[in-house]
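Chains as they are written, first to last, in the numbering used here: chain A, 142 to 480; chain B, 142 to 480.
Have a look at the structure below before the remarks.
Protein chains: 2
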Amino acid sequence: MSSHITIKDIAKAMGCAPSTVSRALNNSPNISPAVREAIQRYAMEHNYRPNEFALSLRNNRSNTIGVILPQIKHYFFASVLSGIERAASEAGYNIIVAQSNEEYDKEVAIVESFRKAKVCGVIASLAKGTYDYSHFRRLVDEEMPLVFYDRICTELNTSRVVVDDYTGAFAAVEHMIVTGCRRIAFFTSPLHLEISKNRRNGYVDALRKHRLEVCNEMIVECDTRVAARELTLGMLKLDKERPDGFFAVNADTAAGILYACKDSGLRVPEDVSICGFSDNETARSTEPRLSMVDQHGEAVGQGAMELLLAKIDGDEEKLVYKNKIVKTSLILRGSTRDK
Amino acid sequence: MSSHITIKDIAKAMGCAPSTVSRALNNSPNISPAVREAIQRYAMEHNYRPNEFALSLRNNRSNTIGVILPQIKHYFFASVLSGIERAASEAGYNIIVAQSNEEYDKEVAIVESFRKAKVCGVIASLAKGTYDYSHFRRLVDEEMPLVFYDRICTELNTSRVVVDDYTGAFAAVEHMIVTGCRRIAFFTSPLHLEISKNRRNGYVDALRKHRLEVCNEMIVECDTRVAARELTLGMLKLDKERPDGFFAVNADTAAGILYACKDSGLRVPEDVSICGFSDNETARSTEPRLSMVDQHGEAVGQGAMELLLAKIDGDEEKLVYKNKIVKTSLILRGSTRDK
DNA sequence: AAAGACAACGCAAACGTTTGCAATGTTAAA
DNA sequence: TTTAACATTGCAAACGTTTGCGTTGTCTTT
């Protein structure tokens with residue numbers, strides 16, 4: 142009883158051929174209005190739903206988009222996924238989701254499973270350990286629409302969505318300068334990463350614009366809370382030369398800095414300003430709460446989906462790759478001073 | 142060239158019928174070993190992959206499991222999704238993911254889309270606004286394997302995975318008692334929710350076990366940081382009667398309590414102990430960091446997947462519904478005292 | 001009135017599998 | 001040597017669609 146009605150059933154009931162039913166349901170002009178309406182009404186009444194497998198088999202493509210995330214639990218990626226899901230849902234696509242757990246092998250396996258599932262597009266962010274891109278290259282060779290976000294692959298000609306790291310960092314650092322900071326330290330993740338470079342450039346250019354010295358000792362590779370705490374305590378002992386502002390690559394690091402400052406008896410933001418990249422729950426949970434650069438993960442996800450749809454739908458545009466840069470915004474909270 | 146090879150292609154190449162190829166690849170005993178091996182070798186060499194659509198069409202079921210989340214961005218749900226993804230991947234299933242955004246209408250639409258996609262099972266957690274369960278009831282009526290997690294539906298006969306709220310709360314409160322607390326307040330989400338009731342019971346029973354008074358003024362409905370802060374400030378003014386311990390329904394609330402205590406000049410944990418339910422980033426970001434009950438979201442996800450697979454695979458077991466209760470664990474950090 | 005045009009519909013193949021059954025060929029038993 | 005049994009393979013239908021092409025039938029045109 143629950144078994145779904147098919148086009149053949151309708152054809153039998155209406156005394157016509159399946160092809161007629163198909164055309165009627167697809168509003169083909171070759172079907173007389175009377176018949177068409179009768180068929181459509183019957184289909185409606187009997188809650189006809191086309192069988193997706195049959196459609197997929199015939200069109201050789203599913204109605205599905207594959208999404209690869211390095212880690213689902215990570216707030217930024219969860220946000221991106223949320224944005225993708227929303228956009229996909231609006232466009233009538235399903236998404237199948239898989240996480241690489243930052244493992245290259247898993248990433249390769251995922252790509253393979255997506256090919257098997259014949260998804261009609263892939264949205265991906267690279268695992269940290271991925272240096273070989275041949276699995277993605279195969280997708281590109283097969284003309285599978287592919288969009289990278291955040292951790293993009295610069296070797297491949299695909300659309301990309303990235304966060305405006307440079308401008309975000311620039312704005313944050315400039316805000317600290319304008320509100321009185323003169324010696325701003327920068328805690329960064331490894332500088333071979335694209336995002337680190339861009340954020341560093343933003344930091345440096347903001348200093349230069351305001352004619353502040355760019356001092357190499359102020360730029361340190363440090364992106365965990367524990368390390369940040371230690372490092373900060375050391376830097377604050379510099380007494381006269383101590384930083385009066387910190388710009389951190391992520392919220393955890395910023396939190397470590399914050400607590401080190403408080404331990405050192407410094408007031409935040411009166412004595413020291415702190416600002417970080419990548420807003421998340423952590424930044425909203427300290428006291429004072431941390432001023433942060435918001436990456437707008439959901440916008441990234443939505444942008445990726447839009448680019449992907451453009452490639453899926455577009456015909457001649459299929460070969461044109463576009464980049465989208467999602468603007469960040471500076472969320473001012475208690476760890477920086479007001480103007 | 143990239144177009145995949147089919148069974149027919151192999152048949153043509155080997156000079157036999159497609160059915161023979163099919164049987165050979167499926168290791169049917171009716172095929173002579175020589176032919177079978179030749180075919181398998183050919184298939185292997187030509188990287189044959191069965192067409193999933195054709196399989197799905199024939200079997201009338203996809204190789205996919207639908208997952209419904211209230212909010213992907215929420216840490217607990219992201220953790221659950223991560224667990225589901227891992228388990229599904231190991232079992233060879235794809236997952237399609239959709240979020241209800243706590244909206245009833247969206248949830249209904251998702252269920253419908255899952256039916257269209259003919260997923261072979263559904264894992265779901267209810268949206269807050271869902272009081273009518275007919276969309277899920279339809280799934281059950283159609284014998285679609287269905288498992289609820291966390292926000293379960295008690296009206297329907299399905300497998301369920303829940304967190305052991307009672308024991309988790311009991312353990313947390315008992316720990317505070319054992320380490321010296323005598324007046325413990327409980328900040329809870331609305332008590333009509335199942336989880337609230339269970340946690341309250343754990344709280345009450347722990348007090349009773351240790352012959353402490355259960356005082357109604359100590360149980361307050363409050364589950365946001367801002368409200369918690371206000372409320373705590375008020376309670377701490379009770380001077381002699383002030384609480385010396387707080388148990389909060391979530392991390393945000395616990396953070397609000399923490400900062401109110403510090404504002405009041407009380408030391409945590411020396412003067413006041415604080416413990417919360419649902420560990421997440423927030424709890425790891427305060428100073429001191431918050432002792433929390435960890436819900437083991439990934440275990441919840443994995444458990445849900447296991448129950449679902451049991452229903453999908455099991456034959457006579459298909460109608461047996463099982464419950465799984467995931468044990469919590471108490472993570473002791475700086476907001477409670479040691480024994 | 002005959003022929004052409006056109007509207008409306010049906011036939012059948014195709015997408016890639018699986019599987020019940022029939023059709024071979026081979027071997028063993030009588 | 002005949003027959004039965006069995007191993008091996010092929011045929012064809014089925015899953016639910018879509019679509020090119022052929023077939024009707026009606027209407028307009030000359």
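Don't be surprised by glycine CBs; every beta carbon is placed ideally from N, CA and C.
Nothing here was measured: the structure is a model prediction, and the numbers come from that model.
Here R182 of chain B carries a helix assignment [DSSP, helix/strand/coil]. When DSSP states are grouped into helix, strand and coil, R301 of chain B belongs to the strand group. Restricting attention to B:A250, B:C261 and B:A179, the CA atom closest to the CA of T205 of chain B is found in B:C261.
The three-state reading of DSSP puts G417 of chain B in strand, counting E and B together. Taking the C-beta atoms as reference points, A369 of chain A is found no nearer than 8 Å to T329 of chain A. Each of A:L287, A:R478, A:N201 and A:L374 was checked against the Cα of N464 of chain A, and the nearest Cα belongs to A:L287.
Look at the segment 411-428 of chain A: the residues with a C-beta under 7 Å from a C-beta of chain B are N421, E422, T423, S426, T427 and E428. For the segment 172-194 of chain A, the set of residues with a beta-carbon nearer than 8 Å to any beta-carbon of chain B comprises R190, N192, E193 and F194, in chain order. Under DSSP, M433 of chain A shares a beta bridge with A:G417 and A:I472.
Judged by beta-carbon spacing, R349 of chain B lies beyond the 8 Å limit of V390 of chain B, meaning their Cβ atoms are not closer than that value. With at least 16 other beta carbons inside 10 angstroms of its own, H215 of chain B counts as buried. In the structure shown, the three-state DSSP call for L448 of chain B is helix. In the three-state scheme derived from DSSP, where H, G and I count as helix and E and B as strand, V345 of chain A is classed as helix. A distance below 7 Å between beta-carbons, with the five flanking residues on each side excluded, links T423 of chain A to the following residues of its chain, in chain order: A392, D393 and A396. For the 8 Å CB-CB criterion, I146 of chain A and V162 of chain A do not form a contact.
Beta-bridge partners assigned by DSSP to I237 of chain A: A:G207 and B:I237.
The beta carbon of K257 of chain A falls within 8 Å of a beta carbon belonging to chain B, placing the residue at that interface.
Spatial neighbours of L450 of chain B in its own chain (CB-CB distance under 7 Å, excluding positions within 5 residues in sequence) are listed in chain order as A232.
Going by beta carbons, I225 of chain B and V208 of chain B fall inside the 8 Å limit. Secondary structure at Y462 of chain B: coil, using DSSP grouped into helix, strand and coil. Contact between S414 of chain A and T320 of chain A holds, with the beta-carbon distance rounding to 7 Å and staying under 8 Å.
At least 8 Å separates the beta-carbon of A313 of chain A from that of C402 of chain A. For E362 of chain A, the enclosing beta strand (DSSP E) covers residues I360 to E362. Against chain B, the beta carbon of K214 of chain A has neighbours under 9 Å at Y216, A219, S220, L222, S223, G438 and E439, listed in chain order. Following the DSSP letters along the chain, one finds I325 of chain B inside the beta strand (DSSP E) bounded by residues I325 to T329. For a cut-off of 8 Å, the C-beta gap from I472 of chain A to D435 of chain A is around 5 Å, short enough to register as a contact.
Within the DSSP secondary-structure output, I264 of chain A pairs in a beta bridge with A:V208 and A:V288.
Legend: CB atoms of the segment 288-303 of chain A lying less than 8 Å from CB atoms of chain B are not found in any residue. Under the Cβ distance rule, S275 of chain B does not count among the residues neighbouring chain A, no pair being separated by less than 8 Å. Using a CB distance cut-off of 8 Å, L198 of chain A counts as an interface residue toward chain B. Taking a Cβ-Cβ cut-off of 9 Å, the neighbours of Y400 of chain A in chain B comprise E428, given in sequence order.
Scanning its chain for C-beta atoms nearer than 7 Å, with the 5 sequence neighbours on each side dropped, one finds around E193 of chain B the residues N204, in chain order. For A389 of chain A, the uninterrupted beta strand (DSSP E) run begins and ends at G386 to A389, by DSSP. The Cβ neighbour count for G375 of chain B, taken over all protein chains shown within 10 Å, is under 16; the residue is labelled exposed. Only A392, D393, A396 and L399 from the segment 373-399 of chain A bring a Cβ to less than 9 Å from some Cβ of chain B. Using a 10 angstroms sphere on the CB of P211 of chain A, the tally of other CB atoms reaches 16 or more, which defines it as buried.
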